[in-house]
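Quick note on my numbering: the sequence shown kicks off at 3 and runs consecutively.
Before any comments, here is the structure.
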Amino acid sequence: MKNANGLFSISAPGPDRIRPEHLKNIPTTLENTLARPFTRYLSECKVPSQWKTSRTVLLYKKGDPQDIGSYRPICPLSVVHKLLLRVIPNRTERTLDEGQPCEQAGFRKEFSTIDHIHTVTSLIEVSREYKMPLCLTFIDLKKSFDAVEIEAVLEAISPFYDEITIDVRGGVRQGDAVSPKLLTATLEGVMRRLEWDKMGVRVDGRLLHHLRFADDIVLITPHLSRRAYAGRLRRRVWKDRSPTESNEDDVHEERRVPDAPFLLNGTTISECSSYVCLGREVNKMNHLAPELGRRKRAAWGAYKSIEDVVKRTKNTRLCAHLFNTTVLPALTYASETWAIRKQDENAVSVIERSVESVMLGQTRLTQVRAGIRSSTLRQESKIRDAVFAKLSKIRWAGHVMRLNDHRWTRVVSDRTPLNVKRTTGIPPTSWSDLFTKSFRELQ
Numbered sequence: 003m004k005n006a007n008g009l010f011s012i013s014a015p016g017p018d019r020i021r022p023e024h025l026k027n028i029p030t031t032l033e034n035t036l037a038r039p040f041t042r043y044l045s046e047c048k049v050p051s052q053w054k055t056s057r058t059v060l061l062y063k064k065g066d067p068q069d070i071g072s073y074r075p076i077c078p079l080s081v082v083h084k085l086l087l088r089v090i091p092n093r094t095e096r097t098l099d100e101g102q103p104c105e106q107a108g109f110r111k112e113f114s115t116i117d118h119i120h121t122v123t124s125l126i127e128v129s130r131e132y133k134m135p136l137c138l139t140f141i142d143l144k145k146s147f148d149a150v151e152i153e154a155v156l157e158a159i160s161p162f163y164d165e166i167t168i169d170v171r172g173g174v175r176q177g178d179a180v181s182p183k184l185l186t187a188t189l190e191g192v193m194r195r196l197e198w199d200k201m202g203v204r205v206d207g208r209l210l211h212h213l214r215f216a217d218d219i220v221l222i223t224p225h226l227s228r229r230a231y232a233g234r235l236r237r238r239v240w241k242d243r244s245p246t247e248s249n250e251d252d253v254h255e256e257r258r259v260p261d262a263p264f265l266l267n268g269t270t271i272s273e274c275s276s277y278v279c280l281g282r283e284v285n286k287m288n289h290l291a292p293e294l295g296r297r298k299r300a301a302w303g304a305y306k307s308i309e310d311v312v313k314r315t316k317n318t319r320l321c322a323h324l325f326n327t328t329v330l331p332a333l334t335y336a337s338e339t340w341a342i343r344k345q346d347e348n349a350v351s352v353i354e355r356s357v358e359s360v361m362l363g364q365t366r367l368t369q370v371r372a373g374i375r376s377s378t379l380r381q382e383s384k385i386r387d388a389v390f391a392k393l394s395k396i397r398w399a400g401h402v403m404r405l406n407d408h409r410w411t412r413v414v415s416d417r418t419p420l421n422v423k424r425t426t427g428i429p430p431t432s433w434s435d436l437f438t439k440s441f442r443e444l445q
């Protein structure tokens with residue numbers, strides 16, 4: 003029952019009211035009772051009729067509560083059905099992942115958002131230092147699970163099945179373990195049909211033309227004339243739908259090239275000086291201050307989620323554990339990719355200490371009047387210091403240097419543009435400055 007152990011215990015039960023805990027605690031002698039019908043379902047390509055339908059529940063995300071786009075559709079499936087759906091990707095995951103390029107980091111083992119955040123920020127860092135042209139087009143496919151064409155799904159996975167007739171109305175269901183793999187396989191099929199030979203930025207002899215994390219896509223070009231690939235990609239994705247049927251995707255552009263209008267299907271694409279890419283704000287100048295402002299708001303928001311528990315309990319260890327596992331991850335998200343300066347370190351420390359003081363029932367005024375030092379409060383709260391983000395960056399650098407699978411995270415880290423001379427003056431702070439300074443101090 004290895005697959006049952008992977009089910010979330012807090013998952014809601016399906017129509018049959020069976021909970022994940024029921025399957026996790028099933029006796030070993032009854033495992034074959036489930037294995038036999040599962041084997042029959044897979045061999046006959048048939049499942050119980052109850053599993054073919056589901057009730058969609060809308061979960062509020064953010065934004066206007068009156069806007070349907072502010073909700074995420076989830077299908078509460080039968081837990082037994084979910085168990086069967088975990089068996090299928092476990093058998094096909096390796097084959098599907100081997101067919102994915104290093105540009106796709108979504109729903110893959112040993113890949114994360116940090117890989118692509120590091121790649122994008124490194125590209126911006128080098129283009130700024132060497133005054134090289136760079137155009138980034140960010141595409142966020144709206145309702146991607148609902149928008150997937152079934153014909154495209156079957157075409158993408160056709161090498162892996164025999165002749166089968168499958169009756170599916172539309173889209174792939176959110177809530178099961180197979181849908182993410184079907185989505186990425188379909189998107190890979192679309193990407194392979196596009197011509198990338200004249201696209202992208204050359205890095206170490208290879209062309210980096212796009213990055214993908216599930217349905218979040220970044221098109222990378224050095225020239226404005228090559229942005230038309232955004233239109234081609236969009237037409238490929240929505241090839242069987244009219245404009246009135248398809249949701250308008252979010253397309254934003256950030257560039258270090260002269261201004262010029264960019265039209266996509268008659269709509270002017272908005273140019274932005276900054277964009278939130280996979281949870282981290284990136285901008286033309288690669289400045290960290292705007293991102294630290296977002297981290298500050300995220301840290302306070304995380305603290306609000308544990309405030310009631312912190313105020314009611316007197317257990318210092320519990321408070322410290324909640325802070326370290328809730329507030330600090332929100333404060334230091336993607337800190338592995340920060341090109342951090344001393345003043346940025348101080349800003350992060352100030353944010354942490356302000357949240358810490360509120361957690362301990364102190365204000366800056368009462369702390370000064372009582373003559374309490376911040377180090378004393380730290381000993382009392384027993385929370386971890388935010389400077390550990392520097393250690394996270396060191397661990398991440400070691401991870402990047404050990405990579406040998408040709409992913410862009412490692413390639414852009416070693417990049418030095420050829421035949422391009424850096425302009426005079428002090429270069430801006432780079433991601434590797436921390437390590438350069440540390441090595442010099444050791445010599």
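For every residue, glycine included, the Cβ atom is placed at its ideal position computed from N, Cα and C.
Everything numeric in this text was worked out from a predicted model, so none of it was measured.
Asked, Found
"Give me the Cα-Cα distance between K133 and K306, rounded to the nearest whole angstrom.", "43 Å"
"Scan the stretch 319-374 and note each continuous alpha helix (DSSP H) run of 4 residues or more that stays entirely inside, going in chain order.", "330-333, 344-361, 366-372"
"What's the C-alpha gap between K26 and M403?", "39 Å"
"Using a threshold of 8 Å, state whether the C-beta atoms of E338 and K395 are closer than that.", "yes"
"State the Cα-Cα distance for the pair P430 and E131, rounded to the nearest angstrom.", "7 Å"
"Could you name the residues of the same chain whose beta carbon sits closer than 7 Å to that of A322, not counting the 5 residues immediately before and after it, in chain order?", "S383, K384, I385"
"Just curious, the alpha helix (DSSP H) that L436 is in, first and last residue?", "435-444"
"Could you please give the first and the last residue of the uninterrupted alpha helix (DSSP H) stretch that includes V389?", "Careful: V389 lies outside any alpha helix (DSSP H) and carries neither H nor E."
"For the candidate residues V389, R417, I428, F437, whose alpha-carbon lies nearest to that of R204?", "R417"
"Would you be able to state if there are at least three C-beta pairs under 8 Å between the stretch 308-324 and the stretch 335-350?", "no"
"Does the stretch 185-199 come close enough to the stretch 93-113 to have 3 or more Cβ pairs within less than 8 Å?", "yes"
"Report the three-state DSSP secondary structure of Y277 (helix, strand or coil).", "strand"
"Going straight from the alpha carbon of T41 to that of E100, what length do you get?", "26 Å"
"Are there any heavy atoms of the ligand MN lying less than 7 Å away from the beta-carbon of L32, as far as the coordinates show?", "In terms of ligand content, the structure shown is empty, and the ligand MN therefore cannot be addressed."
"So for H225, helix, strand or coil by DSSP?", "coil"
"Do I222 and R280 have their beta-carbon atoms positioned less than 8 Å apart in this structure?", "The sequence given here has Leu at residue 280, not Arg. No; because the gap between Cβ atoms is not below 8 Å, this pair is not in contact."
"For the beta strand (DSSP E) containing H408, list its first residue and its last residue.", "Here H408 belongs to no beta strand (DSSP E), and DSSP marks it neither H nor E."
"Taking only three categories from DSSP, how would you classify Q102?", "coil"
"Assign R282 to one of two classes, buried (16 or more other C-beta atoms within 10 Å of its C-beta) or exposed (fewer than that).", "buried"
"Which word fits A304, buried or exposed, when buried means at least 16 other C-beta atoms lie within 10 angstroms of its C-beta?", "buried"
"Between which residues of its own chain and H118 is the CB-CB distance below 7 Å, once the five residues before and five after are set aside?", "A107, L213, F215, L280"
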